[in-house]
Amino acid sequence: MISGFVSVALGSVLGGMARYFVSGFVARRVGETFPWGTLIVNVSGAFLIGIFGALAESDASTLASPDPWLFAVTGFLGCYTTVSSFSLQSLALARDGQSSRAGSYVVISVGLCLAAVTAGFTLASLFK
Amino acid sequence: MKTVSTKSAKWNAAILYACVASGGMLGSLARYLASLAIPLVSGFPLPTLFVNVTGSFIIGLYSTLTGPDGRWFAGTRQRQFVMTGICGGYTTFSAFSLETFRLLHEGRTGTACLNIAISVVTWLAAVWLGHRLARRLNRLKGS
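As structure tokens, this is what we get:
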């Protein structure tokens, strides 16, 4: 029980800093007119969770035990990816009169994240 | 002089990282607690929906309360701690993606589509409601 909380806490500290780094890095490179940073964070996180999800299906995998899963998935990837920034950015685009950009952001985010989790899962299943 | 200013810029960046990391840890622990407390209803990923909807509401409320016309002053550090840290760590796009994928993988296409539709609509409605409530609170100022 306690080790579960510790695993989530450690993973989330790394995941939060990774998100802050990646989204800041992308924003500085390509500008902030469109939320590319959050999009890249969420899509890459979806790809990784697909890989981890496939690996956890075999009992021999480290990820099949609770604490490594809580560290890598609930902690790290859970904190790395974000819905709150996604929602706020969609609202900001819509309020700014950029409804089509807001709509594209929503559709592209959901579409690419589902494609990425499928790709990660399929890829990891091939190499198992 | 130049070395002093780069030093303080680095120190400032380190503090912002610490704000995000500590907030993210609190948010993630709250998300973990929610996942332990909220049951799955016939395989529907309710815990993830709950954190994403409440997290969207909180970020909408807080960002407008502490925004340019807000009644509540918050500096960059507090905003990063609450928004990028707590709200960012509390909500999760990756769990939503994996859970939707698993439903599709199990052939439960209807439930998967329902999860996508309900999630996107309620996330956006929640951030909008939070923003509207904060605007009302902001207008109370001085009255």
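Residue numbers (my numbering), protein chains in the order written: chain A, 1 to 128; chain B, 129 to 271. C-beta: ideal position from N, C-alpha, C; glycine also.
Any beta-carbon of chain B closer than 8 Å to the one on residue i?
{"i": "Ile49 of chain A", "result": "yes"}
{"i": "Ser99 of chain A", "result": "no"}
{"i": "Tyr20 of chain A", "result": "yes"}
{"i": "Ala46 of chain A", "result": "yes"}
{"i": "Ser87 of chain A", "result": "yes"}
{"i": "Ala54 of chain A", "result": "no"}
{"i": "Gly16 of chain A", "result": "yes"}
{"i": "Val83 of chain A", "result": "yes"}
{"i": "Ala9 of chain A", "result": "yes"}
{"i": "Val110 of chain A", "result": "yes"}
{"i": "Gly37 of chain A", "result": "no"}
What does DSSP give as the partner residue(s) for residue i in the beta ladder?
{"i": "Val123 of chain B", "result": "In this structure chain B extends from 129 to 271, so residue 123 of chain B is not present and cannot be described."}
Are the C-beta atoms of residue i and some chain A residue less than 8 Å apart?
{"i": "Thr228 of chain B", "result": "yes"}
{"i": "Ser112 of chain B", "result": "The structure shown does not extend to residue 112 of chain B, since chain B spans only 129 to 271, so no value can be given for it."}
{"i": "Asn266 of chain B", "result": "no"}
{"i": "Trp139 of chain B", "result": "no"}
{"i": "Ser271 of chain B", "result": "With a pLDDT of only 46 at Ser271 of chain B, under 50, the local geometry of the prediction cannot be trusted, and no value is derived from it."}
{"i": "Arg159 of chain B", "result": "yes"}
{"i": "Cys241 of chain B", "result": "no"}
{"i": "Thr237 of chain B", "result": "no"}
{"i": "Met129 of chain B", "result": "Residue placement at Met129 of chain B is flagged as unreliable, the pLDDT there being 48, under the threshold of 50; the coordinate-derived value follows with that caveat. It does not: the Cβ of Met129 of chain B has no partner Cβ on chain A nearer than 8 Å."}
{"i": "Glu234 of chain B", "result": "no"}
{"i": "Ile244 of chain B", "result": "yes"}
{"i": "Val249 of chain B", "result": "no"}
{"i": "Gly183 of chain B", "result": "yes"}
{"i": "Arg256 of chain B", "result": "Per the sequence shown, the amino acid found at residue 256 of chain B is Trp instead of Arg. Answer yes: the Cβ-Cβ gap between Trp256 of chain B and chain A drops below 8 Å somewhere."}
{"i": "Leu189 of chain B", "result": "no"}
Between residue i and residue j, which are expected to be in contact by the criterion C-beta below 8 Å, what is the C-beta distance as a whole number of angstroms?
{"i": "Thr219 of chain B", "j": "Val179 of chain B", "result": "6 Å"}
{"i": "Ser104 of chain A", "j": "Asn42 of chain A", "result": "With 8 Å as the limit, Ser104 of chain A and Asn42 of chain A do not qualify as a contact, their Cβ atoms being about 15 Å apart."}
{"i": "Leu123 of chain A", "j": "Ile51 of chain A", "result": "7 Å"}
{"i": "Gly120 of chain A", "j": "Phe47 of chain A", "result": "4 Å"}
{"i": "Asn266 of chain B", "j": "Gly198 of chain B", "result": "6 Å"}
{"i": "Tyr80 of chain A", "j": "Gly45 of chain A", "result": "5 Å"}
{"i": "Phe221 of chain B", "j": "Thr82 of chain A", "result": "6 Å"}
{"i": "Gly4 of chain A", "j": "Arg159 of chain B", "result": "The pair is not a contact, with the Cβ atoms about 13 Å apart (cut-off 8 Å)."}
Start and end of the alpha helix (DSSP H) containing residue i?
{"i": "Trp69 of chain A", "result": "Pro66 to Trp69"}
{"i": "Ser7 of chain A", "result": "Ile2 to Val30"}
{"i": "Val110 of chain A", "result": "Ser99 to Leu126"}
{"i": "Val41 of chain A", "result": "Trp36 to Leu55"}
{"i": "Thr204 of chain B", "result": "Thr204 to Arg207"}
{"i": "Cys241 of chain B", "result": "Thr237 to Arg267"}
{"i": "Ala162 of chain A", "result": "The question about residue 162 of chain A has no answer, for chain A in this structure spans 1 to 128."}
{"i": "Thr212 of chain B", "result": "Here Thr212 of chain B belongs to no alpha helix (DSSP H), and DSSP marks it neither H nor E."}
{"i": "Arg230 of chain B", "result": "Phe221 to His233"}
{"i": "Arg95 of chain A", "result": "Ser84 to Arg95"}
Checklist entry - Just checking, does the segment 159-172 of chain B make contact with the segment 80-91 of chain A on the three C-beta pairs under 8 Å criterion? => result The answer is no - the segment 80-91 of chain A does not touch the segment 159-172 of chain B, with fewer than three Cβ pairs under 8 Å.
Pairs of beta-carbons, one from the segment 61-71 of chain A and one from the segment 234-248 of chain B, closer than 8 Å: are there three or more? no
Query - Stretch pair the segment 173-190 of chain B + the segment 9-29 of chain A: three plus CB contacts closer than 8 Å - result: no
Under 8 Å: do the segment 216-230 of chain B and the segment 72-83 of chain A share three or more Cβ pairs, one atom per stretch? A contact exists between the segment 216-230 of chain B and the segment 72-83 of chain A.
Between the segment 153-168 of chain B and the segment 247-260 of chain B, are three or more C-beta pairs nearer than 8 Å?
no
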